[in-house]
Amino acid sequence: MPAHEVFWRSKDLQEMTQKEWESLCDGCALCCLHKLEDEDTQEVFYTSVVCHLLDFETCRCTKYEERCSLVPDCVKLTPKDVDEFHWLPPTCAYRLIYEGKDLPDWHPLLTGEQNTVIEAGASVLNWYEVKDNEIKEEDFVDYIIE
12 MPAHEVFWRS KDLQEMTQKE WESLCDGCAL CCLHKLEDED TQEVFYTSVV
62 CHLLDFETCR CTKYEERCSL VPDCVKLTPK DVDEFHWLPP TCAYRLIYEG
112 KDLPDWHPLL TGEQNTVIEA GASVLNWYEV KDNEIKEEDF VDYIIE
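In structure tokens, the structure reads:
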């Protein structure tokens, strides 16, 4: 293996260190959009309803370390859950690496810049319409993204 080989091409997700794992997140915050699942088909539908903990300037969680206790439905991605990553957006690095694909050109690990995901138009800022604390949960279905 060449010395310049990057970790996401040379390791499986389960082999990565915690620091490597966390660095795969591009900061798109698309996982912060609420999703609805059809109970019969298990099909996942994204809505344009975003978590109220999202910082709209940085596209990062304002309470990242506490998010799962503050938002019970928040999902903490771990390497042991990779078989369930089908619901992640198609541009998500965790899903891409699991599927044997490479990172998009705008990914911060390639650009060295955290904001390139926003500049590329690949973040939640292009999709969200309303925060989850501004509407009733039963109305989320009205915000399904086609």
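Heads up, the sequence shown is in our numbering, so the first residue is 12 and it goes up one at a time. For each residue, glycine too, the CB sits at the ideal point set by N, CA and C.
Hey, could you find the ends of the beta strand (DSSP E) Y75 is sitting in?
Element bounds for Y75: n/a, residue is neither H nor E.
With 16 as the cutoff for other CB atoms within 10 Å, does V60 come out buried or exposed?
Its Cβ being crowded by 16 or more others within 10 Å, V60 is buried.
Range of the contiguous beta strand (DSSP E) that encloses K46:
Taken as a continuous stretch (DSSP letters only), the beta strand (DSSP E) holding K46 covers L44 to E48.
Taking the alpha carbon of G132 as the reference point, which residue from E95, V55, C70 and T58 has its own alpha carbon closest?
If we check each option's Cα against that of G132, C70 comes out closest.
Check whether chain D comes within 8 Å of C103, counting only Cβ atoms and requiring the distance to be less than that.
Among the chains in the structure shown there is no chain D, since it carries only a single protein chain.
Simplified DSSP assignment, three categories, for I66
Just to set this straight, residue 66 is Asp in the shown sequence, not Ile. In this structure, D66 counts as strand in the three-state DSSP scheme.
Answer yes if the segment 24-38 comes into contact with the segment 50-59, meaning at least three C-beta pairs across the two stretches below 8 Å, and no otherwise.
Contact between the segment 50-59 and the segment 24-38 is absent, because fewer than three Cβ pairs lie under 8 Å.
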